[in-house]
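Here's the structure, in structure tokens; my notes come after.
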Amino acid sequence: MVHEFEMKANVDRRSFMMCALASGAALGVGEFPASLAAAPLPGGAQKQDDAQFTVEAKFYQKLENKKIKCKLCPRECTVGDRERGYCGVRENRGGTYYSLVHSRVCAAHVDPIEKKPLFHYLPGTVAFSLATAGCNVNCKFCQNWDISQSRPEQVPAEFTPPQRVAELAKQYDCPTIAYTYSEPVVFSEFLMDAADAGHAAGIRSIVVSNGYMQQEALKAAYGKMDAVKIDLKSFTESYYKDVVTGQLKPVLDSLVTLRKMDKWTEIVYLVVPTLNDDDAEFLGLARWIKTNLGVDVPLHFTQFHPEYLLKNLPITPVPTLERAKAIADAEGLHYVYIGNVPGHPAQNTYCPKCRKMLVERIGFTASKNLIHKDSCPFCQHPIPGVWHT
Amino acid sequence: MELLAPAQPGAPPAKSKVVIARDDLLRGTGSTVDSRRMLALLDRAMQTLFDRDHANEAWSRLVRPGDKVGVKVNALGGRGLSSNLQLVEAICERLQEAGTKAGDIVVWDRDSDELERAGFHLSMGGNGVQCFGTDRVDYEQELVAYGSVGSRLSRILTQRCNVLINVPVLKDHDGAGVTIALKNMYGVIHNPNKYHPNGCNPYIADVNMLPEIRSRMRLTLCDATTAQYEGGPAYKPEYSWKENALLVSQDPVALDYTGWRIIERKRAEKGLKTLEAEGRAPHYIATAADAGHRLGTNDPRRIAVIEV
Chain A
36 MVHEFEMKAN VDRRSFMMCA LASGAALGVG EFPASLAAAP LPGGAQKQDD AQFTVEAKFY
96 QKLENKKIKC KLCPRECTVG DRERGYCGVR ENRGGTYYSL VHSRVCAAHV DPIEKKPLFH
156 YLPGTVAFSL ATAGCNVNCK FCQNWDISQS RPEQVPAEFT PPQRVAELAK QYDCPTIAYT
216 YSEPVVFSEF LMDAADAGHA AGIRSIVVSN GYMQQEALKA AYGKMDAVKI DLKSFTESYY
276 KDVVTGQLKP VLDSLVTLRK MDKWTEIVYL VVPTLNDDDA EFLGLARWIK TNLGVDVPLH
336 FTQFHPEYLL KNLPITPVPT LERAKAIADA EGLHYVYIGN VPGHPAQNTY CPKCRKMLVE
396 RIGFTASKNL IHKDSCPFCQ HPIPGVWHT
Chain B
182 MELLAPAQPG APPAKSKVVI ARDDLLRGTG STVDSRRMLA LLDRAMQTLF DRDHANEAWS
242 RLVRPGDKVG VKVNALGGRG LSSNLQLVEA ICERLQEAGT KAGDIVVWDR DSDELERAGF
302 HLSMGGNGVQ CFGTDRVDYE QELVAYGSVG SRLSRILTQR CNVLINVPVL KDHDGAGVTI
362 ALKNMYGVIH NPNKYHPNGC NPYIADVNML PEIRSRMRLT LCDATTAQYE GGPAYKPEYS
422 WKENALLVSQ DPVALDYTGW RIIERKRAEK GLKTLEAEGR APHYIATAAD AGHRLGTNDP
482 RRIAVIEV
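Spelled out as structure tokens, the structure:
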């Protein structure tokens, strides 16, 4: 099962269920026609035809002796002939680098946009959400490790070319295509082509990403996005090294670049007890955002649930999330949310000026949206975001 | 099987034996390995390692009737640089003579297509020796973890064998420095690409610590009939040479250390820098020997290299 956030909070589940069903989204599990839902291969007996998913990669450099240097993400893997990069979905064949996952969709659902989470982007709408296998990091808490940490041939997938992606989005009344679940950086070629097909059909694109990308690739690929949600895993290099197997600075650089590109961006910070939950880190993060991105960038502190290689840690206590929010609020950030705790008032959007509630959310559903002409209807303070299709 | 002899008080720890068996006439006058000479070479190596007069006695120390034996080959290098077919056939022959049923032997690696490209004939089902890749049976759903690694394991390992014979190839590696016995276990896990940073260190050692692997491992038979000193792990004929040898040991760390020295000697002979000078010394070998792993020894004073 692929999910972005598991609903484990003990809140008004009945009303949440009613809202979820009303919005057409089952609890993290989309319902798809058999043509799209890839059935698991029985005992791995069938092999997929890899050729249909294989395209020459963008963003790489050829080296001597048939080696290549990937330029997609800061790892800059130097990959020998017959080897793959760290992500597992790009392969060197005779000195040419290939993506093995173009159109190789292993997960596809219709999700509420709030599930990404994107709270200031077309609230109440749904996104046609898809992923391929692979990832360029290895977060120990990954909830989708069964696809992110797998090679594409290990995960059943459907051939879903860009045009088909756009058709399906239209068919399911999704104004947006979302590239998500695993790590869209590693399927940039497919993402770019699907975004083009979507735009030609009047469908927007958003990406849910770790932002761990080189600048040229970021501008080319995420330059085609209409909104971006970045998972900022922590505010220390040591956490990125030990828990994520990545680096912090390139992600911060990505955020700054997205700001300069005027891309609507929201940030999620998954709070993991004992690892990235101290006040100094929250304060440093809030100050950095205020200085470099501005006070209007939404910041979501979300609750961790034990998963993958961190099953020994507890769920994030809600008071910890509230403390993080309080620190960020005190620094002057306008839109600080608490995520993965259904029913918590910090899931709602409030006017930063008059403090009236503008968007009410229950779980993944925006049950009330009072924003009018991109402003607070009570005091006319501008509320940044993409509020209307 | 005989019980271990009681330790003598004050006696130094026993050395790890690494047997290097060579046959300069292994290919006769041609380029293909002669099956009978390969069998003889294998026998000589095994008899020396186990200090036995007959090969069958050596193999009987490793397997018992009823055992299910996995012969983990390395097929990445295609026909030019994969575990030698004649060697694998010889291993399977001796296993059967030691009482293992043919149908209980599986020759395997991660991918069936790779096995075929390396010249192996696929066989799944029936009473003969089995040969297929993990792609045919998939990986276990559950993760196992040790140290820095968390992976799903091949169901060939977990469900099809209780004894593991490791048959790697002697070659260098562009990241790890060398890829010999210990790194051949990357073919058991579903996510080896995650464990290449930092020269595959400490990941190679951690993978070999996984109980499902460690409990099954009996022997490493490193194919050095054709070896490679540069450009690995893919086959680069211009950098390969015919060593016409087998390296055999029950200590995979000692074997990797010994194989590394052979590769360095060849590199020096060819005028190439050491792996250390190229920034890819195989540090994983020391990690595998350290107090946190103790998979074997990399101390040359505790390795007895016996050339036959």
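Chains as they are written, first to last, in the working numbering: chain A, 36 to 424; chain B, 182 to 489.
Even glycine gets a Cβ: it sits at the ideal position worked out from N, Cα and C.
**Q.** Any 3 or more C-beta pairs closer than 8 Å across the region 353 to 373 of chain A and the region 327 to 344 of chain A
**A.** Judged by Cβ distances under 8 Å, the region 353 to 373 of chain A makes contact with the region 327 to 344 of chain A, as three or more pairs qualify.
Q) Would you report the Cα separation of B:V489 and B:L220, rounded to the nearest angstrom? A) Going by the C-alpha atoms only, they are around 14 Å apart.
Q: Would you please verify whether the beta carbon of A:G5 is less than 8 Å from any beta carbon of chain B?
A: Missing from the structure shown is residue 5 of chain A; chain A here goes from 36 to 424 and no further.
Q | Three CB pairs or more closer than 8 Å across the region 378 to 387 of chain B and the region 398 to 416 of chain B | A | No contact exists between the region 378 to 387 of chain B and the region 398 to 416 of chain B.
Q) Based on the DSSP output, what are the partners of B:V318 in its beta bridges? A) B:V318 is not bridged to any residue.
Q. With DSSP run on the structure shown, which of helix, strand or coil describes A:W422?
A. Three-state DSSP puts A:W422 in coil, outside helix and strand.
(Q) Any heavy atom of the ligand NAD inside 7 Å of the beta-carbon of A:C170? (A) Here there are no bound small molecules, and the ligand NAD is not part of this structure.
Q: Label B:D234 either buried or exposed according to how many other C-beta atoms from any shown protein chain fall within 10 Å of its C-beta, with 16 as the threshold for buried.
A: It is exposed - the Cβ of B:D234 has fewer than 16 other Cβ atoms within 10 Å.
Q) Would you call the CB atoms of B:F231 and B:R217 closer than 8 Å? A) No, Cβ-Cβ distance for B:F231 and B:R217 is not below 8 Å.
Q) In whole angstroms, what separates the C-alpha of B:L262 from that of A:N100? A) So the two alpha carbons sit approximately 17 Å from each other.
Q. Touching or not, the region 366 to 376 of chain B and the region 438 to 453 of chain B, by the rule of three or more beta carbon pairs under 8 Å?
A. No, they do not touch.
Q) Quick one: does A:G239 have its CB under 8 Å from some CB of chain B? A) As written in the sequence, residue 239 of chain A is Arg, which differs from the Gly given in the question. Chain B contact via Cβ: absent.
Q) Can you find a C-beta in chain A that's less than 8 Å from the C-beta of B:P378? A) Chain A, which has a Cβ nearer than 8 Å to the Cβ of B:P378, makes this yes.
Q: With 8 Å as the C-beta to C-beta threshold (strictly closer), list the residues of the region 391 to 405 of chain A near chain B in chain order.
A: Result list empty, no residue passes.
(Q) Which residue wins for smallest C-alpha separation from A:F317, given the options A:L348, A:F270, A:D331? (A) Considering only alpha carbons, the answer is A:F270.
Q: Could you tell me if A:T309 is buried or exposed, where buried requires 16 or more neighbouring beta carbons within 10 angstroms of its beta carbon?
A: Exposure of A:T309 is indicated by the presence of fewer than 16 other C-beta atoms within 10 angstroms of its C-beta.
Q. Whose C-alpha, out of B:V252, B:L222, B:W240, is nearest the C-alpha of B:V310?
A. Across the set B:V252, B:L222, B:W240, the C-alpha of B:V252 shows the shortest separation from the C-alpha of B:V310.
Q: Give a yes or no on whether 8 Å exceeds the smallest Cβ distance from B:H235 to chain A.
A: So no, B:H235 is outside the interface.
Q | Sequence-distant residues of the same chain with beta carbon closer than 7 Å to B:H371, five excluded per side | A | In its chain, beyond the 5 residues on either side, Y320, S332, R333 have a beta carbon closer than 7 Å to the beta carbon of B:H371.
**Q.** Given A:K325 as reference, the closest of A:P341, A:A365, A:P147, A:V394 once Cα atoms are compared
**A.** The residue with the shortest Cα to Cα distance from A:K325 is A:A365.
(Q) Would the region 183 to 190 of chain A count as touching the region 223 to 243 of chain A if we require 3 or more Cβ pairs under 8 Å? (A) These segments do not touch.
Q: Tell me, please, whether the CB atom of B:A326 is closer than 8 Å to any CB atom in chain A?
A: At least one CB atom of chain A sits nearer than 8 Å to the CB of B:A326.
Q. By Cβ distance below 6 Å, which residues in the same chain neighbour B:E457 in space, the five residues on each side in sequence not counted?
A. Result list for B:E457: empty, nothing under 6 Å.
(Q) Less than 8 Å between the C-beta atoms of B:V318 and B:T281, yes or no? (A) Their beta carbons are not under 8 Å apart, which means B:V318 does not touch B:T281 by this criterion.
(Q) Please list the terminal residues of the continuous alpha helix (DSSP H) segment that includes A:L203. (A) It spans 197 to 206 - the alpha helix (DSSP H) in which A:L203 sits, taken as one unbroken run.
Q.
Could you compute how far the alpha carbon of A:D314 sits from the alpha carbon of A:I302?
A. Within the model, the alpha-carbon separation for A:D314 versus A:I302 is close to 18 Å.
**Q.** Distance CB(A:M227)-CB(A:K259) smaller than 8 Å
**A.** Closer than 8 Å, so yes.
Q: Would you decide whether A:C122 is buried or exposed? Buried here means 16 or more other CB atoms lie within 10 Å of its CB.
A: By the Cβ-count criterion, A:C122 is buried, with 16 or more other Cβ atoms from all chains shown falling within 10 Å of its own Cβ.
Q. How would you call B:K451, buried or exposed, if buried means at least 16 neighbouring beta carbons within 10 angstroms?
A. Burial call: exposed.
Q) For the region 472 to 486 of chain B against the region 407 to 421 of chain B, are there 3 or more C-beta pairs whose distance is under 8 Å? A) By the C-beta criterion, the region 472 to 486 of chain B is judged not to be in contact with the region 407 to 421 of chain B, since fewer than 3 inter-stretch pairs fall below 8 Å.
Q | Listed by chain order, chain A residues near B:K352 by CB distance under 7 Å | A | The contacting residues do not exist; B:K352 stays about 12 Å from chain A at best.
Q.
On a Cα-Cα basis, can you pick out the residue from A:W422, A:H144, A:F94, A:V90 that is closest to A:A255?
A. If we check each option's Cα against that of A:A255, A:F94 comes out closest.
Q: Give the residues of chain B in contact with A:G123, contact being defined as C-beta atoms less than 9 Å apart.
A: The contacting residues are N372, P373, N374, K375.
Q.
Give me the subset of the region 266 to 293 of chain B whose CB atoms are less than 9 Å from a CB atom of chain A, sorted by chain position.
A. Per Cβ criterion, the list reads D292, S293.
Q. If you count every other CB in all the chains shown that lies within 10 Å of the CB of A:D84, and 16 or more means buried, which is it?
A. Under this definition A:D84 is an exposed residue.
(Q) Helix, strand or coil for A:Q184? Go by DSSP, reduced to three states. (A) DSSP places A:Q184 in coil when its eight states are reduced to three.
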